[in-house]
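Chemist: The structure follows.
Residue numbers (my numbering): 19 to 1117.
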């Protein structure tokens, strides 16, 4: 526990902190006010560095750029590999694990060790990895790097510890899975084919052992050559040379036939009795043309040949369509007997796999489903029904249905909000799914004890808003709404406005949500704001709209004052605003000629519309353009349900709307907000429409503060952010372009002190700008409900101007005991519910005073202001700066929030250089600084957000949300919250094949791979061929990863497994010794009987 005391010296010039943070000017500008009586602040800070640790928790969404697929038929687990080296392992809902290869190489192929709790991955850097899945966070046990050959195909037979690896050179190597060491047994390509063959057969594209005899290996080469290799005899049983290139092969379960798919869109069926020619050749989608020739077809990339007991076998393949049918979507074809079903997909097929009842390849397969991995979706088709319906996917795989443009994260929401959103959202779910349970049901997951209601909101490029239940590190869709329904459908070529419409005119730029009042606000890219209220009843309503003109006629050139710390107290009088600085900003569009092209791009529906239950649009605010130019995008937004006000700003200024009275209260430029307290010297420039090409540069000395003015045109736009990422943010730039205005970057309603002389708090609007200025605008709001609906809300002149380095990002308030003060809100009431005439509904407001104690209440409150460069804590109303912390010099802060962690609060920051930091409050003492994301890109910068409970999230790829925690407590409890991947399950027994079938069909169990591939018989492989890399995980990694009681149990279980394994080996050795002793005793006894009656001379 940390205790500190700070004696406030008011605004005396001897106190650098107070001078630095108090540039406000009144009538007595340049003269410090009398210092108030020193007050003593006593805050107990409980947060320490030990309370923080950064780690990833879970990843949601569809794996970006998938490349490979695997399924464990016993454990019922599905694995998906991606181009970036990621592996997602999915089981029942809640069992969702993400692994990442450190190399980042694409995953080429995945192979489960069926029912063993392990997974083999083959990557594009020609490395094999063995993952241990018997822990909640899988880790690599072994790696094997091939140096001279490129891996093209892998095959691991069921219950075998020897992995077959095919290469680009056409060779087949064999790897021991237990030791991850290469066997000396190699099938060279020149021995596999006939010596008379002069051409290279190409890379290995298929490997599989015969269902009839495990000692026979089928090798498929890309050129069309197929070889069945006798592993015991080290020779080829037969060779097939086909004209068309091979893409895949699949056995009949009896091992007498196999099917191949080819590059010409054909399927060939081969019988082992006669391999000189195919038993059957079919072109499933190739029709005979009028001239007698067949249509040319696309390659069939994969085929699976699966048998059933009670019906014809299934032949499932992807591709094979004719070339002349342009524009057709990718297809999966299911041939069942004479019936051919073609399933069209929305995206290209990456891989598919039939799910079968048995893991044994020599049994009737009985396929019950097909998993189809698409480029941007995962679907599972039910094969047990003739219509082949798909299963309803329980995973959140549709986050990217439309590109995500913004995110918001709310932890510890009101408990009633999730059930009501789910009940309304469930009415709009799609139908027609299979009635059977989701077949990927492996692993176990239980609801942890450390859970609370969490909601994630995503905004999308098509104007869609999605609410997700994120409780207990899962993700489930709750509710979906379309903001585009508020507007009329734009007609093509409709006047000047149509030229200004972007590709995604409804794209969501930011959202603001009050969970208590359920008010919801959306900012769109077309400079529009939509305000929604929540109702459980459908209604007929007319959406009201307001048009706001927030456009400046002239431009300002801004030069910093000579004294950055206290500009208003400077002796020079040139810092006062110039008299000829007039900004033309008006809330209502005029009819002047210069304003004739100010029609908004989107037209709001002006008729009665029927809206379903859920979020219903109440008000639309649209910014108008001027002189034919579109309006500037909105850069900041805040809504307060208790005040009934909505504030927003852009690079031109600030507007405040009373959404209860549907009126514009305030609409003015940022410069006009200062009044007489402007800390900057403004130089006039010519109006926009008469702009001349001038240099517009102002020289700065090294000790002056520079501002990134180019970026302030639209601080949240992708273009400006990208510029800011690539440009140095040094504070000693000799000259910068000042061809922009001061943007409003953050807004916050709350109870505060508008002036130093205030004794009580009043409703205020805090405004943060791109020049590092924080303004406080006091408001007067009628308290009576009837007066509130009739009397206007008035604004007082700004009495507080606080300064920081860099653009202001966040504003929060603490009471003098260090507790976060929440903004007041209105308790939710359903305006569409039937009203009781005896008990009319009234607005119920909830206010939070700085402290329950009147004595502390008189002491004021603390204001936490964070910018791109630094954070400051001010005491209000004296505006004294108590604490300053320079967060970064070489980079800049992208996101900052005051969040609650471990029953206290801290300031969390995310910087452009990838650092995640936390600072104590109010002392701004550094608690954590982790270089988490060294390669921060635009997507992460746009979607990163913090929330309470020590959690955060960002869009790690266009299709995935990554959640992280910076709380040590959550890191410790993470093992309990994650799902268990591996469950001990008995391997299914082999079906009884019958005496005759087993006798005449051969016996596959007699094949001993250990004897054939082991070092004793095959020797050692060349050291230069492959390099063994021990896994960093193994037992040591598991000891590090496991924590708390769970870790102790895991370690005990591992030790027991090891001990059991050693006891088993000891038992086997003891049994061998006993057998040997019995044999020796028997032979000794026989020898004794033989020699018993012989004389000495008979020996």
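Backbone N, C-alpha and C define an ideal beta-carbon position, used for all residues, glycine too.
Mapping DSSP to helix, strand and coil, what is residue 1047?
Modeler: Looking at residue 1047 - three-state DSSP - the assignment turns out to be strand.
Chemist: What does DSSP give as the partner residues of residue 762 in its beta bridges?
Modeler: 787
Chemist: Starting from the N-terminal side, write out each stretch of the beta strand (DSSP E) that is 3 residues or longer and does not extend beyond the region 231-264.
Modeler: 234-239, 243-248 and 253-259
Chemist: For residue 129, write down the residues that DSSP places opposite it in a beta bridge.
Modeler: 138
Chemist: Is it buried or exposed for residue 557, if we count other Cβ within 10 angstroms and need 16 for buried?
Modeler: exposed
Chemist: With distance defined between alpha-carbon atoms, name the residue in 780, 131, 503 and 80 nearest to residue 116.
Modeler: For residue 116, the closest C-alpha among the options 780, 131, 503 and 80 is that of 80.
Chemist: Kindly provide the ranges of any alpha helix (DSSP H) runs that are 4 or more residues long and lie completely inside the region 953-989, ordered along the chain.
Modeler: 956-961
Chemist: Buried or exposed for residue 358, please, with buried defined as at least 16 other CB atoms from any protein chain shown within 10 angstroms of its CB.
Modeler: exposed
Chemist: Relative to the alpha-carbon of residue 1041, which residue among 164, 70 and 64 has its alpha-carbon at the smallest distance?
Modeler: 164
Chemist: Starting from residue 437 and walking both ways along the alpha helix (DSSP H), at which residues does that stretch end?
Modeler: 435-443
Chemist: Report all residues from its chain with a CB closer than 7 Å to the CB of residue 873; omit the five preceding and five following residues, and keep chain order.
Modeler: In this prediction, residue 873 has a pLDDT of 46, which is less than 50 and means its spatial position is unreliable; what the coordinates show is noted afterwards. The answer is none, since no qualifying residue turns up.
Chemist: For residue 210, which residues of its own chain have a beta-carbon under 7 Å away from its beta-carbon, when the five flanking residues on both sides are left out?
Modeler: 237, 245, 247 and 254
Chemist: Taking all protein chains shown into account, do 16 or more other C-beta atoms lie within 10 angstroms of the C-beta of residue 803, making it buried, or fewer, making it exposed?
Modeler: Exposed: under 16 other Cβ atoms inside 10 Å.
Chemist: By the DSSP assignment, the alpha helix (DSSP H) with residue 1031 in it spans what residues?
Modeler: 1027-1031
Chemist: Mind checking residue 470: buried by the 16 CB within 10 Å criterion, or exposed?
Modeler: exposed
Chemist: Between the C-alpha atoms of residue 908 and residue 824, what's the straight-line distance to the nearest angstrom?
Modeler: 12 Å
Chemist: Quick one: what's got a C-beta closer than 8 Å to residue 456's C-beta in the same chain, skipping five residues either side?
Modeler: So the list reads 110, 111, 398, 409, 410, 411 and 412, once near-sequence residues are dropped.
Chemist: Between residue 170 and residue 124, which are expected to be in contact by the criterion C-beta below 8 Å, what is the C-beta distance as a whole number of angstroms?
Modeler: Between residue 124 and residue 170 the Cβ distance is about 13 Å, and since that is not below 8 Å, they are no contact.
Chemist: Using a threshold of 8 Å, state whether the C-beta atoms of residue 638 and residue 627 are closer than that.
Modeler: no
Chemist: Is there contact here, the region 88-104 with the region 136-146, by at least three beta-carbon pairs under 8 Å?
Modeler: yes
Chemist: Let's see if you can read the secondary structure: which residues bound the alpha helix (DSSP H) around residue 949?
Modeler: No alpha helix (DSSP H) contains residue 949, which is instead part of the beta strand (DSSP E) from 944-949.
Chemist: With a cut-off of 8 Å, do at least 3 Cβ pairs link the region 472-487 to the region 533-544?
Modeler: yes
Chemist: Quick check on residue 1118: does DSSP put it in helix, strand or coil?
Modeler: Residue numbering for the chain in the displayed model covers 19 to 1117; residue 1118 lies beyond these limits and cannot be assessed.
Chemist: Provide the residue span of the beta strand (DSSP E) that contains residue 833, from first to last.
Modeler: 826-833
Chemist: Of all the beta strand (DSSP E) runs that stay within the bounds of the region 633-673, which reach a length of 3 or more residues?
Modeler: 654-658 and 663-667
Chemist: What distance in whole Å lies between the Cβ atoms of residue 923 and residue 916, which are believed to be in contact at a cut-off of 8 Å?
Modeler: Yes, they are in contact, since the Cβ atoms of residue 916 and residue 923 sit about 6 Å apart, within 8 Å.
Chemist: Measuring alpha carbon to alpha carbon, tell me which residue in 774, 419, 417 and 319 is nearest residue 371.
Modeler: 319
Chemist: Among 202, 835 and 1046, whose alpha-carbon lies nearest the alpha-carbon of residue 61?
Modeler: 835
Chemist: Would you list the one or two residues that DSSP bridges to residue 163?
Modeler: Its beta-bridge partners are 145 and 1045.
Chemist: Identify every residue that forms a DSSP beta bridge with residue 846.
Modeler: Checking the DSSP bridge columns, you'll see residue 846 has no partner listed.
Chemist: Going by the beta-carbon positions, is the gap between residue 460 and residue 864 smaller than 8 Å?
Modeler: no
Chemist: Where are the alpha helix (DSSP H) runs, 4 residues long or more, that stay fully inside the region 421-509, in chain order?
Modeler: The region 421-509 contains these whole alpha helix (DSSP H) runs: 435-443.
Chemist: May I have the straight-line CA-CA distance separating residue 265 from residue 287, to the nearest angstrom?
Modeler: 14 Å
Chemist: Which of the three DSSP states is assigned to residue 626 in this structure?
Modeler: Note: residue 626 maps to coil in three-state DSSP.
Chemist: Taking the alpha carbon of residue 143 as the point to measure from, which residue in 152, 149, 162 and 130 has its own alpha carbon closest?
Modeler: 162
Chemist: Between which two residues does the beta strand (DSSP E) containing residue 904 stretch?
Modeler: 898-904
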